[in-house]
Amino acid sequence: MKNITIAIDGFSSTGKSTIAKELANKLKYVYVDSGAMYRAVTLYAMQHNLISEEIFLKEKLINELANINLGFKFNPDLGFAEIYLNGVNVEAEIRNMKVSRLVSKVAEVPEVRKKLVEQQQKMGMHKGVVMDGRDIGTVVFPSAELKIFMTASAEKRAKRRFDEFVARGEQVTFEETLKNVEYRDHIDTTREDSPLVKANDAIEIDNSTLTRKEQFEKVYKLAIEIIESD
Ligand code: CDP
Numbered sequence: 460m461k462n463i464t465i466a467i468d469g470f471s472s473t474g475k476s477t478i479a480k481e482l483a484n485k486l487k488y489v490y491v492d493s494g495a496m497y498r499a500v501t502l503y504a505m506q507h508n509l510i511s512e513e514i515f516l517k518e519k520l521i522n523e524l525a526n527i528n529l530g531f532k533f534n535p536d537l538g539f540a541e542i543y544l545n546g547v548n549v550e551a552e553i554r555n556m557k558v559s560r561l562v563s564k565v566a567e568v569p570e571v572r573k574k575l576v577e578q579q580q581k582m583g584m585h586k587g588v589v590m591d592g593r594d595i596g597t598v599v600f601p602s603a604e605l606k607i608f609m610t611a612s613a614e615k616r617a618k619r620r621f622d623e624f625v626a627r628g629e630q631v632t633f634e635e636t637l638k639n640v641e642y643r644d645h646i647d648t649t650r651e652d653s654p655l656v657k658a659n660d661a662i663e664i665d666n667s668t669l670t671r672k673e674q675f676e677k678v679y680k681l682a683i684e685i686i687e688s689d
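Structure (structure tokens):
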């Protein structure tokens, strides 16, 4: 069986990470959540007062990039690798609405993207990796053997994300969640550097009406076909 690279891109809250984690576990591949890296840089910027709803000290953040150390450590209880920012586990903190509101602004900065893309490429150097994000099939691994582009209606996506927030006890409304999803979609698709766009050779999956199991089986079948081909 050969090792391949699997890129899963798409809009916010399309269930990319759910499928990527399931796939990686089943294939015994490494899973990398590239969005977590952009979120962790955003958290760093927030902690150092470099970004808020009102300000963004972009140049200062760029100058501080060398001080931002990101790493992943596998958590056997959860079955996936959690993200660490300068040695601290920030897996839970980066998912909150405050970070969600600011992350797309940070992800627009070419210097931030350059640093994270280099690290992502290193992590996928030996293949056997499933990575999800916005630019994985277009920029990070343009020659990935399998590229999936996930879509679903904004309402469906916001509902999923809202349910996650509620389960974690975060005080947000559905309207606020929907607004955030639409806001990030807009910035992510219109930014100059590495906008979210479906790669020509990506397979599009609209999971608005697919169950988690149906979606997994669809993608797993595609992966196995490639892995078992000569
Ligand atoms: O979980 P969700 O789909 O809401 O987002 P995420 O994957 O955690 O990514 C958070 C944000 O990081 C996105 O809205 C993008 O602005 C940015 N991002 C990116 O620019 N490029 C990537 N490869 C991954 C995420």
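Add 459 to a position in the sequence shown, counting from 1, and you land on the number used in the numbering used here. Glycine residues also receive a C-beta, built at the ideal position from the N, C-alpha and C atoms. Remember, it's a predicted structure, so these values are computed and weren't measured experimentally.
In the three-state scheme derived from DSSP, where H, G and I count as helix and E and B as strand, residue 663 is classed as strand. Bounds of the alpha helix (DSSP H) holding residue 494 are 493-506.
Residue 599 sits close to residue 590, with the two beta carbons spaced by under 8 Å. For the alpha helix (DSSP H) assignment, the uninterrupted runs of no fewer than 4 residues enclosed by the segment 631-681 are, from N- to C-terminal side, 633-649. For residue 610, the uninterrupted beta strand (DSSP E) run begins and ends at 605-610, by DSSP. With respect to residue 574, residue 524 sits close: the two C-beta atoms are nearer than 8 Å. Secondary structure of residue 546 (DSSP, three-state): coil. Considered as a whole, the segment 570-626 harbours 588-592, 605-610 as its complete beta strand (DSSP E) runs of no fewer than 3 residues, in chain order. Using a C-beta cut-off of 8 Å, the segment 668-675 makes contact with the segment 468-488, since at least three inter-stretch Cβ pairs fall below that distance.
When the beta-carbon positions are compared, residue 561 and residue 542 stay at least 8 Å from each other. Restricting attention to 604, 579, 469, the CA atom closest to the CA of residue 688 is found in 604. For residue 478, there is no enclosing beta strand (DSSP E); the residue is found in the alpha helix (DSSP H) stretching over 475-486. The Cβ atoms of residue 607 and residue 664 sit closer than 8 Å to each other.
Counting only residues of its own chain and dropping the five nearest sequence neighbours on each side, residue 647 has a CB closer than 8 Å to the CB of 470, 471, 563, 566, 593, 654, 655.
With a 10 Å radius around the Cβ and a threshold of 16 neighbouring Cβ atoms, residue 678 comes out buried. If you draw a straight line from the Cα of residue 645 to the Cα of residue 536, it comes to about 36 Å. Cβ-Cβ distances below 6 Å link residue 550 to 541, 542 in the same chain, with the five nearest sequence neighbours on each side left out; the list follows chain order.
In chain order, 490, 539 place their CB closer than 6 Å to the CB of residue 480, counting only its own chain and leaving out the 5 sequence neighbours on each side. Residue pairing for residue 510: DSSP places it in a beta bridge opposite 515.
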